[in-house]
Ligand code: SF4
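In this note's numbering, the protein residues as written are 290 to 593.
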């Protein structure tokens, strides 16, 4: 038997960058001053706990109102302009760790909104990134997450269609086809038009989409898959479903304590993968737990 951790799993560069910024700030403010972050820095409870021990305090938007002159980190998902305005009024020093990919989408949305387009975003209305994107349009952008919600859109207006960066491509392209049939003046914005290093025909992040194929191949190679992610990770849900479609014996866990012995009966190969918000060290802990609880398992080392 062998246990293998997926080499391509783990933090995307946007998350690595955000955590680097947080850790640099925490080190430089070692004089007892706190660093706050608006919302969970990442959808992973174990990484949140690790950073909490280093001094990072998670706050809500409501709690932001009670701070004065403190340092507050904006996480990779970004924030609407109203948050920056509030911080300015309260004398709060914002450390902006918005992922550059998300920032680019924010800028594009604002540009189209200012040019009089109806902005439609394929995404989840209560997701932090989407709240930041809708904020670029004074709350006017229409958010849809399925074909059934198309009726929310005024089909007679000139329209631009965007996607939240972590959504599923298949649904996005079905929506696009439907809109192309129904809306005369439609733009589907993409990273390609934005001349970034991504050459996608949409605004779904290559860090998420690029993993589909590798994950499918990896999942098929193993008898069972342990998929590790935080329950609230949007990207985790997308990748878990891809994994599950490729290998029906895929199990979702947040950490090593959720592993169940029945899963490993008669199994010869075990693959471990995770979301873009899953730290490598958490996947390594899952591997170690399997190693300890199933002593007959021969653990295959991986290099990172
Ligand atoms: S998945 Fe993409 S958009 Fe999201 S934080 Fe990572 S790099 Fe940025």
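Glycine included, C-beta positions come from ideal geometry on N, C-alpha and C. Since the model is a prediction, treat every value here as computed from it, not as a measurement.
Residue i - DSSP class collapsed to helix/strand/coil
i           : result
residue 430 : coil
residue 560 : strand
residue 305 : helix
residue 442 : coil
residue 375 : helix
residue 414 : coil
residue 382 : strand
residue 406 : coil
residue 316 : helix
residue 341 : helix
residue 520 : coil
residue 514 : strand
residue 451 : strand
Pair within 8 Å by beta-carbon distance, residue i and residue j
i           : j           : result
residue 333 : residue 566 : yes
residue 448 : residue 475 : yes
residue 362 : residue 390 : no
residue 443 : residue 469 : no
residue 560 : residue 507 : yes
residue 498 : residue 526 : no
residue 492 : residue 478 : yes
residue 410 : residue 422 : yes
residue 523 : residue 416 : yes
residue 418 : residue 378 : no
residue 509 : residue 537 : no
is_contact[residue i, chain C] using C-beta, thresh 8 Å
i           : result
residue 336 : You won't find chain C in this structure, because it holds only one protein chain.
inquiry  = Using a strict less-than 7 Å threshold between each residue's beta carbon and the heavy atoms of the ligand SF4, what residues do you get?
reply    = 301, 302, 303, 304, 365, 388, 390, 391, 454, 455, 494, 496, 497, 524 and 565
request  = Check whether the stretch 305–313 touches the stretch 510–521, taking contact to mean three or more Cβ pairs, one atom from each stretch, closer than 8 Å.
outcome  = no
inquiry  = Would you call the stretch 575–583 in contact with the stretch 542–560, where contact means no fewer than 3 C-beta pairs closer than 8 Å?
reply    = yes
key: the stretch 341–349 contacting the stretch 394–401, beta-carbon criterion three pairs below 8 Å   = no
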